[in-house]
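A short write-up of the structure that comes next.
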Amino acid sequence: MVMWVLLFHIIGLVFWIGGLLVATSLLGQHAEEAFPEARAALGHAEMRMLNGMANPGALITLITGALLVAGRASFYLHATWFQAKLILVFCLLILHGIAYIRARRLVSGRWRMPRKSWMILHGAISLVFFGILICVLPGRLYWR
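In this text, residue positions in the sequence shown follow the working numbering: the first is 32, and each later residue adds one.
And the structure:
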């Protein structure tokens with residue numbers, strides 16, 4: 032049973048990070064687009080990535096993560112690598128919220144954000160994701 036929950040945790044993470052990275056990349060293109068038709072098409076694609084991939088992926092990841100922790104709470108909650116991972120997951124949730132709110136405002140025409148800012152957000156999401164991977168993979172072996 033634990034392996035299935037872990038499998039869905041990883042699948043959810045792939046959807047979450049993939050959706051966020053594709054959406055922020057599209058949002059960077061959207062910020063520079065001059066044609067209204069192209070802006071509308073990009074806006075539709077961005078919101079599909081966020082609502083169809085990133086948001087469900089985050090939900091699946093968080094639910095399955097909670098199930099995994101509930102099964103071995105004393106092990107996880109006392110592990111240094113896991114505490115670091117939780118901090119990074121919280122940072123990822125904040126970045127997700129920022130991306131989602133700003134994307135909705137950009138698509139509705141109430142927000143202007145230069146491409147550079149979207150790429151910084153894209154990079155921050157990538158760095159946090161790499162940090163999570165480092166905490167889980169080598170961190171689990173070396174940080175007790």
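Note that beta-carbon positions come from the ideal geometry of N, C-alpha and C, so glycine has one too.
In this chain, the alpha helix (DSSP H) harbouring A115 covers T111 to S139. Counted as a single uninterrupted DSSP element, the alpha helix (DSSP H) harbouring M150 occupies residues R146 to V167. The beta carbons of H61 and L44 sit no closer together than 9 Å.
Residue burial is scored here from C-beta neighbours: V33 has fewer than 16 other C-beta atoms within 10 angstroms and is therefore classed as exposed.
Within the model, the alpha-carbon separation for E77 versus C166 is close to 30 Å. Across the structure, I91 and H75 are spaced so that their CA atoms are roughly 23 Å apart. S105 has its alpha-carbon roughly 19 Å from the corresponding atom of L168.
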